[in-house]
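Colleague: Below is a structure I'd like to ask you about.
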Amino acid sequence: MLHKGSKSQNIRFVRKAATVLFVAEGLFFLGCYGVWHKLNTDRDFRKYMHHNYPSTLEYYYSLSIKLGAPQHIRTTDLASLVWLTGFTGLGYILYITCTPSEAQIEKLRHSLPGIEKNKSEVEKKREQYFQALQAAASEKPIYLRTKEDLKSEPKH
Numbered sequence: 002m003l004h005k006g007s008k009s010q011n012i013r014f015v016r017k018a019a020t021v022l023f024v025a026e027g028l029f030f031l032g033c034y035g036v037w038h039k040l041n042t043d044r045d046f047r048k049y050m051h052h053n054y055p056s057t058l059e060y061y062y063s064l065s066i067k068l069g070a071p072q073h074i075r076t077t078d079l080a081s082l083v084w085l086t087g088f089t090g091l092g093y094i095l096y097i098t099c100t101p102s103e104a105q106i107e108k109l110r111h112s113l114p115g116i117e118k119n120k121s122e123v124e125k126k127r128e129q130y131f132q133a134l135q136a137a138a139s140e141k142p143i144y145l146r147t148k149e150d151l152k153s154e155p156k157h
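Okay, so the sequence shown: first residue is 2 according to our numbering, each after it adds one.
Take a look at the structure:
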């Protein structure tokens, strides 16, 4: 009968270490691929990387150029950063300087056709509307009325 020899401890250690290294390398590759995919598809993520990890973003751009990707991504990102920082501030300044005062709004309100000239007209219409609603709420709904009820009502 043949006896199976026991494996040495060194071979077991090497095999376990190789397995751990292989799994770690696979996980590292998946993480790198996830970051690479996010950099390729998400402009906001590239902006985040530009502000927090500029060397990583520079490496991404240089590697993309070496692999033959179009170079317009870098210029588009930089243009969007300039656009966001420059024109967002400009928009806020225009908002502050061009917002009309209450006097200008009141002047426009009186000069435009179709707008009530004073607030009392609006209040009168609102009061009439609420009175009509209250009258309708106090009456019997039309779907519950009989023919006699409808005939006995005065015509408007």
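Positions of the beta carbon are idealized from the N, C-alpha and C atoms, including for glycine.
Helix, strand or coil for Thr57 per DSSP?
Modeller: Three-state DSSP puts Thr57 in a helix.
Colleague: Are Leu40 and His51 closer than 7 Å when you measure CB to CB?
Modeller: No; because the gap between Cβ atoms is not below 7 Å, this pair is not in contact.
Colleague: What residue range does the alpha helix (DSSP H) around Asp150 cover?
Modeller: Where Asp150 is concerned, the enclosing alpha helix (DSSP H) stretches over Lys148 to Ser153.
Colleague: Quick one: give me the first and last residue of the alpha helix (DSSP H) that His38 is part of.
Modeller: Per DSSP, His38 belongs to the alpha helix (DSSP H) from Gln10 to Thr42.
Colleague: Taking the straight line between their C-alpha atoms, what separation do you get for Ile12 and Ser65?
Modeller: Taking the straight line joining both Cα atoms gives about 42 Å.
Colleague: Using 10 angstroms around the beta-carbon of Leu47, count the other beta-carbons present and answer buried if the total reaches 16, otherwise exposed.
Modeller: Note that residue 47 is Arg in the sequence shown, not Leu. Classification of Arg47: buried, given that the 10 Å Cβ count is 16 or more.
Colleague: Which residue wins for smallest C-alpha separation from Arg44, given the options Ser121, Leu68 and Thr76?
Modeller: Measuring from the Cα of Arg44, the nearest candidate turns out to be Thr76.
Colleague: In whole angstroms, what separates the C-alpha of Gln132 from that of Thr100?
Modeller: Taking the straight line joining both Cα atoms gives about 38 Å.
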